[in-house]
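See below for the structure under consideration.
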Amino acid sequence: MNTFWSVTVAVVTIANILACLWLLVWTSKKQPGEVADGAEKEHVWDEDLRELNNPLPRWWLHMFILTIVFGLGYLVAFPGLGNYPGLLDWTQEKQHDERLEAVKERREAFYAAFEGKSIAALANDPAARRFGGELFSIQCAGCHGVDARGAVGFPDLADDVWLWGGAPETIRASIARGRQAAMPQFYATLPQDVVPDLITFVREWDDARLTQARAERARQTFQRTCAACHGAEGHGNPALGAPDLRNGEWLYGGDPDAVRHTILFGRNGNMPAFGDALGATDIDLLAAYVYGLGEAQ
Ligand code: HEC
Ligand code: HEC
Numbered sequence: 061m062n063t064f065w066s067v068t069v070a071v072v073t074i075a076n077i078l079a080c081l082w083l084l085v086w087t088s089k090k091q092p093g094e095v096a097d098g099a100e101k102e103h104v105w106d107e108d109l110r111e112l113n114n115p116l117p118r119w120w121l122h123m124f125i126l127t128i129v130f131g132l133g134y135l136v137a138f139p140g141l142g143n144y145p146g147l148l149d150w151t152q153e154k155q156h157d158e159r160l161e162a163v164k165e166r167r168e169a170f171y172a173a174f175e176g177k178s179i180a181a182l183a184n185d186p187a188a189r190r191f192g193g194e195l196f197s198i199q200c201a202g203c204h205g206v207d208a209r210g211a212v213g214f215p216d217l218a219d220d221v222w223l224w225g226g227a228p229e230t231i232r233a234s235i236a237r238g239r240q241a242a243m244p245q246f247y248a249t250l251p252q253d254v255v256p257d258l259i260t261f262v263r264e265w266d267d268a269r270l271t272q273a274r275a276e277r278a279r280q281t282f283q284r285t286c287a288a289c290h291g292a293e294g295h296g297n298p299a300l301g302a303p304d305l306r307n308g309e310w311l312y313g314g315d316p317d318a319v320r321h322t323i324l325f326g327r328n329g330n331m332p333a334f335g336d337a338l339g340a341t342d343i344d345l346l347a348a349y350v351y352g353l354g355e356a357q
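Residue numbers (the numbering used here): 61 to 357.
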């Protein structure tokens, strides 16, 4: 604010207060021609409604004066008159910084209890688990569910089946760096007639319903096309996030249609990375919480 506006604001403010004071004093004085206190005035409304001349009680008037005194005192202590900073030197910015500092200190003290601890140790610490659970419901429940039980395409984190691995540091890496699964699509490369048998093979593994020749062909197709990622025995590969196809757990559903869709059109599950959005301790706490869920099994 430049000096002109600063002075204008100060003058207008003080003039207003003084005008209020003057108004109070003026109205509390007897006006010429006024009837005595408590006497009836001349007006009559609605035939018999009369007005008495009762002044404000004194204490009420004094309260008005007190508010004016308070206002003036306030304007001396705090910034309110243009650029005048006030005797206390209070500013919004200072108050904001102080409060922020206080919050930071509390936060640091809270995190200090968890810092430098291993994920396994945090998983055994009820306070860490509780806070990890709160973080989970804010950051993760939208995809993995409030109970971490997942949904189609979103893995169950509370069981002991892992796509990428369930060791504490591996879980931490899944959260911090994210995971991008790449199951290729095969609709263009697999012979049409082998697909139904491959589906049966993958679902049932050694299915007696397939004739020897067809089972053999499905097995060979699997070895040639799928084993590189899912393993020769179909038990998956955590380095690629390729699921174990024989454990009875299905990320995308184990019915023939779901498996056909997976094989023909591929799947690209994407776990977002949280390493930039959250602090290192937050990620430790989340990893501990998730690890603890699996432990409880
Ligand atoms: C390049 C590696 C790769 C190859 C080759 C591959 N897969 Fe996959 N597969 C994956 C990955 C990774 C996933 C997990 C996808 C996800 O999480 O989104 C997956 C998922 C699947 C699933 C879904 C499992 C579930 O739990 O829902 C099935 C079924 C499957 N693959 C079958 C096959 C078959 C059959 C073949 C061969 C025709 C094959 N895959 C070839 C990497 C591969
Ligand atoms: C936008 C949805 C989404 C959010 C949000 C999300 N995830 Fe995931 N997460 C996924 C998907 C999808 C996968 C599976 C990726 C794949 O197909 O391999 C996954 C995989 C994982 C895995 C690996 C599971 C395994 O079996 O190896 C962990 C651990 C995990 N998430 C933890 C978390 C945590 C903790 C949070 C919260 C900080 C979180 N996720 C938030 C979608 C999400």
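Backbone N, C-alpha and C fix where the C-beta goes; we use that ideal spot for every residue, glycine too.
Taking the straight line between their C-alpha atoms, what separation do you get for Q359 and F196? A question about residue 359 goes unanswered here, because the residues of the chain that appear run from 61 up to 357.
Out of curiosity, what's the CA-to-CA distance linking G238 and Y247? To locate residue 238, count along the sequence shown from 1; it is residue 178. To locate residue 247, count along the sequence shown from 1; it is residue 187. Straight-line Cα distance between these residues: approximately 28 Å.
Need the endpoints of the alpha helix (DSSP H) that L78 sits in, please. Position 18 of the sequence shown, counted from the first residue, corresponds to residue 78. Note, L78: alpha helix (DSSP H), T63 to S88.
To the nearest angstrom, report how far apart Y351 and W222 are at their CA atoms. By 1-based counting over the sequence shown, the position of residue 351 is 291. By 1-based counting over the sequence shown, the position of residue 222 is 162. Near 11 Å, if we compare the C-alpha coordinates of W222 and Y351.
Report the partner residues of A211 according to the DSSP bridge assignment. Here the question's residue 211 lines up with position 151 in the sequence shown. A211 is bridged to F214.
Give the DSSP-derived three-state secondary structure of E229 in the structure shown. Numbered from its first residue, the sequence shown carries residue 229 at position 169. Three-state DSSP puts E229 in a helix.
Going by the DSSP bridge assignment, what does L112 pair with across the sheet? Reading the sequence shown from its first residue, position 52 is the one you call residue 112. Bridge partners of L112: E100.
My assumption, with CB atoms under 8 Å, is that L182 sits in contact with L345. Please give the rounded CB distance. Stepping through the sequence shown from its first residue, residue 182 is reached at position 122. Stepping through the sequence shown from its first residue, residue 345 is reached at position 285. Indeed they touch by this definition, with Cβ atoms about 6 Å apart.
Nearest-angstrom Cα separation, counted from G133 out to Q155: As a position in the sequence shown, residue 155 is number 95, starting the count at 1. As a position in the sequence shown, residue 133 is number 73, starting the count at 1. Using only the alpha carbons, I get a separation of about 20 Å.
Going by DSSP, what residue range makes up the alpha helix (DSSP H) through L305? Within the sequence shown, residue 305 is the residue found at index 245, counting from 1. Segment: none, L305 is in no alpha helix (DSSP H) and carries neither H nor E.
From D257 to I198, what does the alpha carbon distance come to, in whole angstroms? If you number the sequence shown from 1, residue 257 lands on position 197. If you number the sequence shown from 1, residue 198 lands on position 138. Each residue's alpha carbon lies about 43 Å from the other.
Out of R279, R118 and P228, which has the shortest C-alpha to C-alpha gap to D266? Taking the first residue of the sequence shown as 1, we reach residue 266 at position 206. Minimum Cα distance to D266 is reached at R279.
What whole-angstrom Cβ distance do L353 and A218 have, given they're in contact under 8 Å? As a position in the sequence shown, residue 353 is number 293, starting the count at 1. As a position in the sequence shown, residue 218 is number 158, starting the count at 1. Contact flag correct, Cβ pair sits at about 4 Å.
Could you pull the start and end residues of the alpha helix (DSSP H) that C286 belongs to? On the sequence shown, position 226 is the one that residue 286 refers to. Element bounds for C286: n/a, residue is neither H nor E.
Here's a check: name, in chain order, each residue in its chain whose Cβ is nearer than 7 Å to the Cβ of V95, leaving out the five neighbours to either side. To locate residue 95, count along the sequence shown from 1; it is residue 35. Excluding residues within five positions, the ones whose Cβ falls inside 7 Å are K101 and N113.
Residue nearest to C286 in terms of C-alpha spacing, selected from A268, G308 and L324: Sequence index remark: in the sequence shown, residue 286 carries index 226 (1-based). It is L324 whose Cα lies nearest to the Cα of C286.
In whole angstroms, what is the alpha-carbon distance linking A348 and W310? As a working mapping, residue 348 is identified with position 288 in the sequence shown. As a working mapping, residue 310 is identified with position 250 in the sequence shown. Taking the straight line from one Cα to the other gives about 25 Å.
Residue ranges of each beta strand (DSSP E) run of no fewer than 3 residues wholly in the stretch 144-180, ordered along the chain? none
Among Q152, I128 and F130, which has the Cα closest to the Cα of P139? Taking the sequence shown and counting its residues from 1, one reaches residue 139 at position 79. If we check each option's Cα against that of P139, Q152 comes out closest.
Have a look at the DSSP bridge pairing and note the partners of R263. Here the question's residue 263 lines up with position 203 in the sequence shown. BP columns for R263 are empty, so no partner.
Measure the Cβ-Cβ separation of G329 and G202 and say whether it is below 8 Å. Within the sequence shown, residue 329 is the residue found at index 269, counting from 1. Within the sequence shown, residue 202 is the residue found at index 142, counting from 1. For G329 and G202, no; Cβs fall outside 8 Å.
Short Cβ contact (8 Å threshold) for G301 with A241: On the sequence shown, residue 301 is found 241 positions in, with the first residue counted as 1. On the sequence shown, residue 241 is found 181 positions in, with the first residue counted as 1. Their beta carbons are under 8 Å apart, which means G301 touches A241 by this criterion.
Is any heavy atom of ligand 2 found at a distance shorter than 7 Å from the C-beta of I231? Within the sequence shown, numbered from 1, the residue matching residue 231 stands at position 171. It does: the Cβ of I231 is within 7 Å (strictly closer) of some heavy atom of ligand 2.
Which residue marks the beginning of the alpha helix (DSSP H) containing C203, and which one marks its end? Numbered from its first residue, the sequence shown carries residue 203 at position 143. A201 to H204 is the span of the alpha helix (DSSP H), which, as asked, contains C203.
Member of H295, R190 and T322 whose CA lies at the smallest distance from the CA of T255: Taking the first residue of the sequence shown as position 1, residue 255 is located at position 195. The question names Thr, but residue 255 is Val in the sequence shown. When each option's Cα is compared against that of V255, the closest is T322.
DSSP-derived helix/strand/coil call for R15: This structure leaves residue 15 out entirely; the chain is present only between 61 and 357.
L126 lies in the alpha helix (DSSP H); which residues open and close that run? Translated into the one-based positions of the sequence shown, residue 126 becomes position 66. Per DSSP, L126 belongs to the alpha helix (DSSP H) from R118 to A137.
DSSP three-state label for Q280, please. Here residue 280 refers to the residue found at position 220 of the sequence shown. Correct three-state label for Q280: helix.
Compute the minimum distance between the beta carbon of A180 and the heavy atoms of ligand 2, and state whether it is under 7 Å. For this step, residue 180 is matched to residue 120 along the sequence shown. No, the beta carbon of A180 sits no closer than 7 Å to any heavy atom of ligand 2.
Using the DSSP secondary-structure output, state which residues sit across from Q240 in a beta bridge. Stepping through the sequence shown from its first residue, residue 240 is reached at position 180. Per DSSP, N330.
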